[in-house]
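Worksheet for the structure shown next.
Residue numbers (my numbering): 1 to 128.
Right, here's the structure in full:
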């Protein structure tokens, strides 16, 4: 399957950004006057995302995490950084799923450091 990008100015959003936009849309009554399908999609999506890590994240912790990822000795792609922010991997296995060829690109110390950093920065995501 080939995905065509129609708008070159389009950006990839994190789950946190989508969750924030949906909540703003709900509070500003942005779905009024539109079909009930739109209201249902907004409600269901925001309800799902509130139980995901993005429902507990804040902009400051994401900025701090991205700064750390930019300074990390191994160059990570934008998509790898997005996967880390969206999925909040707490184990080396979860982290290896977010980073392509992690076993070849990262050593054990780097994996452990990155896992600890994610756990520290997003500690509120692990509290039930």
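For every residue, glycine included, the Cβ atom is placed at its ideal position computed from N, Cα and C.
Let me check understanding here. Comparing Cα to Cα, which of the options lies closest to residue i?
{"i": "residue 84", "options": "100, 91, 74, 95", "result": "95"}
{"i": "residue 126", "options": "15, 16, 56", "result": "56"}
{"i": "residue 13", "options": "118, 51, 111, 62", "result": "62"}
{"i": "residue 124", "options": "40, 109, 54", "result": "54"}
{"i": "residue 58", "options": "40, 109, 17", "result": "17"}
So residue i and residue j are supposed to be a Cβ contact under 8 Å. How far apart are they, rounded?
{"i": "residue 49", "j": "residue 72", "result": "Not quite, the Cβ-Cβ distance comes to about 27 Å (not below 8 Å), so this is no contact."}
{"i": "residue 52", "j": "residue 15", "result": "6 Å"}
{"i": "residue 121", "j": "residue 64", "result": "6 Å"}
Excluding the 5 residues preceding and the 5 following residue i in the sequence, name in chain order all residues of the same chain whose CB lies nearer than 8 Å to its CB.
{"i": "residue 116", "result": "none"}
{"i": "residue 98", "result": "80, 83, 84, 87, 89"}
{"i": "residue 46", "result": "19, 22, 23, 26"}
{"i": "residue 112", "result": "92"}
What does a CB cutoff of less than 6 Å around residue i pick up in its chain, not counting 5 residues either side in sequence?
{"i": "residue 102", "result": "96"}
{"i": "residue 105", "result": "74"}
{"i": "residue 11", "result": "none"}
{"i": "residue 69", "result": "76, 81"}
Which residues mark the beginning and the end of the alpha helix (DSSP H) in which residue i is found?
{"i": "residue 100", "result": "Where residue 100 is concerned, there is no enclosing alpha helix (DSSP H), given that its DSSP letter is neither H nor E."}
{"i": "residue 116", "result": "108-121"}
{"i": "residue 85", "result": "78-87"}
Distance cutoff 8 Å, beta carbons only. Does residue i sit that close to anything in chain D?
{"i": "residue 18", "result": "The displayed structure is made up of one protein chain only, and chain D is not part of it."}
Which full runs of the alpha helix (DSSP H) of 4+ residues lie inside the segment 26-66, going along the chain?
Entirely contained in the segment 26-66, the alpha helix (DSSP H) runs reaching 4 residues are, in chain order, 36-50.
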